[in-house]
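**Student:** Protein chains in written order, with this note's numbering: chain F, 2 to 482; chain G, 2 to 482. For each residue, glycine too, the CB sits at the ideal point set by N, CA and C. The following block contains the structure, expressed as structure tokens.
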């Protein structure tokens with residue numbers, strides 16, 4: 002209690018010391034977070050809709066889980082990265098942490114509800130106390146977008162559908178050319194075994210291999226030898242393989258490689274799984290997009306089977322002019338043992354899934370819009386009800402009511418007597434296609450002017466037909482576009 | 002450090018003491034929270050879409066803010082309820098709290114970004130460490146759904162649009178008959194002044210009045226006299242007024258009431274504002290739904306002008322068979338001084354808004370679906386690709402590819418050789434309208450059977466025309482429904 006008294010005093014001192022009195026407030030969002038304004042939200046909504054359409058095309062359901070979990074649910078799932086988990090204060094109850102990803106809550110959900118079959122997507126925010134690099138689009142609060150298929154099925158059928166989903170999403174988002182690299186954890190383990198890596202070093206050597214997308218082989222070799230204690234010969238053996246990539250013919254070639262598959266069931270199983278996977282890829286029309294790549298390792302420990310990662314091949318600039326490089330935009334794989342960690346009897350539910358890097362998608366699209374100087378519409382207003390003279394507020398209100406009743410998106414000024422020019426400028430700024438202009442003399446004649454905002458072309462319509470006329474003009478416009 | 006050592010020991014002891022070893026895990030979501038499964042999500046998505054359509058019809062933009070704020074942003078905004086705020090642990094950085102509502106973050110957003118005009122909606126989760134009453138649908142993590150208009154405009158024009166938005170939403174959700182009660186904070190303050198309540202008791206007496214929707218006048222009178230120290234005569238004076246409700250004629254009648262408006266500018270201003278408000282309500286077609294009700298007080302301190310609350314008139318049972326009563330389903334009002342609390346120069350941005358009680362909406366709809374025994378579809382699959390014999394996996398995959406390429410929502414079994422009966426049962430369970438059934442002899446003839454799942458009616462179509470035939474059948478079906 003004395004400590005809290007001292008802390009209170011210190012806090013009071015703090016507010017005095019900064020010379021601004023007790024009401025000084027720092028106006029900011031927490032470190033590593035940001036508000037999303039209307040145009041950012043419009044871009045996000047468009048991306049989410051496109052992605053969700055693909056998920057729905059494949060018959061996926063969606064679920065949601067709380068933003069926080071019992072801390073013990075997350076404990077031991079993220080290795081070293083556990084230090085990045087946000088904890089909630091102990092306010093006299095359960096000990097809670099903010100979710101770090103969507104996969105662990107999904108596994109907890111399956112185990113808790115004894116669900117053994119589901120195909121679900123989940124788009125939601127996750128939290129990591131990482132060093133934010135906001136210029137490069139790395140935040141402490143960010144969206145994840147996951148698609149997973151859980152259930153005991155026949156080999157590679159759900160796995161290849163996940164890759165098909167990635168391909169449809171990237172195509173639909175029009176992000177440019179992409180390549181989906183695939184590999185298999187059993188093949189990697191078999192390769193390490195065949196080259197003579199001690200089993201307790203499989204995972205850490207896997208992490209080294211994972212760096213090959215960013216670092217040259219020499220650096221990775223150095224790390225394996227100098228930091229992780231492999232003999233140079235073992236590292237060389239790994240190096241001979243992990244620089245290979247190709248298609249089915251590479252799988253067939255490696256299946257003939259006695260050194261790799263002679264002694265090692267795991268390598269053979271991995272290769273045979275990949276053979277089936279690549280055959281199914283062809284049936285799903287993915288043969289040109291998928292490449293078998295032995296350097297693909299994926300960071301996470303929990304993968305047990307096929308792994309894949311999609312990279313964009315075109316080089317796009319980020320919002321801040323940096324090159325975004327040729328980077329990963331989606332990735333995933335099979336993880337058959339995670340749900341069992343939550344089940345009292347360790348009953349497993351085999352899972353395979355993919356996570357779409359939506360934050361990276363947003364960066365790429367925002368950069369593109371900025372360089373095109375494209376303005377994003379943030380509302381969907383179809384017609385603005387304007388007045389050409391004073392004292393027409395009530396007429397505007399009556400017309401708006403009719404438009405809303407007819408399910409037309411409409412607004413008018415919240416001022417009694419707005420200037421016509423200001424109203425028309427607002428329409429141009431907001432990209433509103435039509436303006437219904439009320440004037441005294443026109444109203445006396447039972448007429449309203451409908452103005453096409455961009456062309457400034459005006460037509461006169463009967464006051465009682467405005468809603469229908471607006472509807473007709475909008476239909477015609479959408480037919481032309 | 003010694004303390005943390007002791008705590009560690011205690012934690013270890015704890016796991017030993019419960020007799021289940023260190024891997025015992027309690028499988029639950031945090032207290033007062035829950036997972037949303039596929040059918041709950043489907044109901045929510047439908048409600049959200051209907052509500053968002055109304056917001057968009059009125060030209061609203063949307064924003065999002067982080068799930069947590071600097072603790073000081075929330076401090077002093079919620080009075081006694083501040084104790085219900087979730088704090089994050091101090092992990093060596095800023096002191097953070099989970100958002101408690103969407104209004105305070107909105108005000109912070111406006112002040113921080115110097116935005117003086119916006120019409121925005123925000124649907125997101127908020128957090129309150131309240132005593133959960135999950136049977137009555139009260140959770141610690143729950144959705145709020147707010148619509149607000151910020152800006153310096155002419156009186157009552159945005160205010161009445163908020164009420165129009167409520168009316169459109171409740172109509173669109175088909176929740177049954179409803180009534181929107183309106184009152185004005187200045188009228189309440191003027192009434193308290195006229196009756197002789199000391200100014201420092203205005204807010205607490207306002208809270209007492211707010212209880213009139215649940216308690217009889219006698220109880221509220223008692224509270225005013227015995228707990229809050231009003232003289233019985235003052236309480237009687239209040240009681241004479243707060244039991245009144247009506248339409249414009251009640252406003253006119255009170256404007257003639259010398260005792261109320263003779264000395265008291267505030268009461269007169271409030272009544273004149275309400276007169277204008279009710280006139281605009283009529284222009285927006287709301288005259289039958291809106292009732293001027295002097296007992297409406299609203300709990301929150303920050304309202305400064307018109308206040309309103311929508312109540313459902315029909316009595317609906319909740320999911321758990323309890324009567325949900327005649328309850329508030331939406332509420333809001335004008336708050337002109339909140340943004341100024343965040344501005345360094347206390348510059349205000351006048352705001353008016355409404356919050357839709359979406360959790361209550363979910364309860365009512367879930368209760369209705371449960372009592373109708375209606376099954377909610379959780380996917381939108383249009384056609385299931387089934388096989389009548391073994392060894393047709395590759396044919397199923399090829400057909401699915403074609404359907405997906407044609408933007409048709411399709412799935413097939415993840416088993417190599419599923420039983421036909423199991424596949425058709427799955428279609429019935431999931432409400433999938435069509436099944437494309439592949440059979441060896443049909444494929445040999447270049448034919449696929451298309452089955453209408455409910456009627457079991459089958460037609461034969463050319464293998465190369467399946468996508469088009471599915472599209473035609475779906476169009477015909479939606480035309481008939």
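#1: Would residue 410 of chain F count as contacting chain G if we go by Cβ distances under 8 Å?
#2: Does the separation of the CB atoms of residue 351 of chain F and residue 187 of chain F fall below 8 Å?
#3: For residue 171 of chain G, which of G/315, G/421, G/404 and G/455 has the nearest alpha-carbon?
#4: Please look up how many angstroms separate the CB atoms of residue 126 of chain G and residue 144 of chain G, rounded, as I've assumed it's under 8 Å.
#5: Does the beta-carbon of residue 76 of chain F have 16 or more other beta-carbons within 10 angstroms, so that it is buried, or is it exposed?
#6: Any beta-carbon of chain G closer than 8 Å to the one on residue 359 of chain F?
#7: Among F/404, F/424, F/445 and F/426, which has the Cα closest to the Cα of residue 467 of chain F?
#8: Is there at least one non-hydrogen atom of the ligand NAD closer than 7 Å to the beta-carbon of residue 297 of chain G?
#9: Whose C-alpha, out of F/329, F/370 and F/243, is nearest the C-alpha of residue 312 of chain F?
#10: What's the gap between the Cα of residue 478 of chain G and the Cα of residue 310 of chain F?
#11: Starting from residue 260 of chain G and walking both ways along the alpha helix (DSSP H), at which residues does that stretch end?
#12: Report the three-state DSSP secondary structure of residue 15 of chain F (helix, strand or coil).
#13: Would residue 69 of chain F pass as an interface residue toward chain G - the criterion being a Cβ-Cβ separation below 8 Å?
#14: The alpha helix (DSSP H) that contains residue 415 of chain F, what's its start and end?
#15: Can you tell me which residues form a DSSP beta bridge with residue 315 of chain F?
#16: Is the shortest distance between the beta-carbon of residue 478 of chain G and the beta-carbons of chain F less than 8 Å?
#17: Residue 97 of chain F CB to nearest chain G CB: under 8 Å?
#18: By how many angstroms is the C-alpha of residue 227 of chain F removed from the C-alpha of residue 199 of chain F?
#19: CB residue 63 of chain G to CB residue 121 of chain G, shorter than 8 Å?
#20: Is DSSP giving residue 147 of chain F helix, strand or coil here?
#21: Which value, in whole angstroms, describes the spacing of the CA atoms of residue 210 of chain F and residue 308 of chain F?
#22: Is there at least one Cβ from chain G nearer than 8 Å to residue 39 of chain F's Cβ?
#23: Which residues of the region 207 to 219 of chain G have a Cβ closer than 7 Å to any Cβ of chain F? Give them in chain order.
#24: Name the two residues that bound the continuous beta strand (DSSP E) containing residue 1 of chain F.
#25: With burial defined as no fewer than 16 other Cβ atoms inside 10 Å of the residue's Cβ, what is the status of residue 245 of chain F: buried or exposed?
#26: To be precise: take each residue of the region 362 to 392 of chain G, compare its Cβ to all Cβ atoms of chain F, and keep it if any distance is under 7 Å. Which residues remain?
#27: May I have the straight-line CA-CA distance separating residue 343 of chain G from residue 27 of chain G, to the nearest angstrom?
#28: Going along the chain, which residues of the region 260 to 275 of chain F sit with their C-beta nearer than 7 Å to a C-beta in chain G?
#29: Are the region 349 to 366 of chain F and the region 451 to 469 of chain F in contact at 8 Å, needing three or more beta carbon pairs?
#30: Whole angstroms is fine: what's the gap from residue 96 of chain G's alpha carbon to residue 71 of chain G's?
#31: Determine, using beta-carbon pairs with one atom in the region 408 to 426 of chain F and one in the region 155 to 173 of chain G, whether at least three such pairs fall under 8 Å.
#32: Which of the three DSSP states, helix, strand or coil, is assigned to residue 88 of chain F?
#33: Is the shortest distance between the beta-carbon of residue 64 of chain F and the beta-carbons of chain G less than 8 Å?
#34: Return the bridge partner residues of residue 352 of chain G from the DSSP annotation.
#35: How big is the Cα-Cα spacing for residue 19 of chain G and residue 335 of chain F?
**Tutor:** Reading it off the structure:
#1: Using beta-carbon distances, residue 410 of chain F counts as an interface residue toward chain G, with a partner under 8 Å.
#2: For the 8 Å CB-CB criterion, residue 351 of chain F and residue 187 of chain F do not form a contact.
#3: G/315
#4: Rounded to whole angstroms, the Cβ separation of residue 126 of chain G and residue 144 of chain G is 6 Å, and the two are in contact under 8 Å.
#5: exposed
#6: no
#7: When F/404, F/424, F/445 and F/426 are compared, the shortest CA-CA separation from residue 467 of chain F is found for F/404.
#8: By its list of ligands, the structure shown contains no ligand whatsoever, and the ligand NAD lies outside what it can speak to.
#9: The residue with the shortest Cα to Cα distance from residue 312 of chain F is F/329.
#10: 40 Å
#11: Start and end: 259 to 262.
#12: Per-residue confidence for residue 15 of chain F stands at a pLDDT of 39, beneath the threshold of 50, marking its modelled position as unreliable; the derived number appears in the next sentence. In the structure shown, residue 15 of chain F sits in a helix (DSSP, three-state: H, G or I).
#13: yes
#14: Premise fails: residue 415 of chain F is in no alpha helix (DSSP H) and is neither H nor E.
#15: Its beta-bridge partners do not exist; DSSP assigns none.
#16: Judged by the 8 Å Cβ criterion, residue 478 of chain G is not in contact with chain F.
#17: yes
#18: Approximately 16 Å, taken between the alpha carbons.
#19: Here residue 63 of chain G is near residue 121 of chain G, since their CB atoms are less than 8 Å apart.
#20: strand
#21: 14 Å
#22: yes
#23: none
#24: Missing from the structure shown is residue 1 of chain F; chain F here goes from 2 to 482 and no further.
#25: exposed
#26: 379, 380, 381 and 382
#27: 42 Å
#28: none
#29: With contact defined as three or more Cβ pairs closer than 8 Å, the region 349 to 366 of chain F and the region 451 to 469 of chain F are not in contact.
#30: 6 Å
#31: yes
#32: strand
#33: yes
#34: According to DSSP, residue 352 of chain G bridges with G/151 and G/336.
#35: Bear in mind that the predicted position of residue 19 of chain G carries a pLDDT of just 40, short of 50, making it unreliable; the figure below should be weighed with that in mind. Taking the straight line from one Cα to the other gives about 34 Å.
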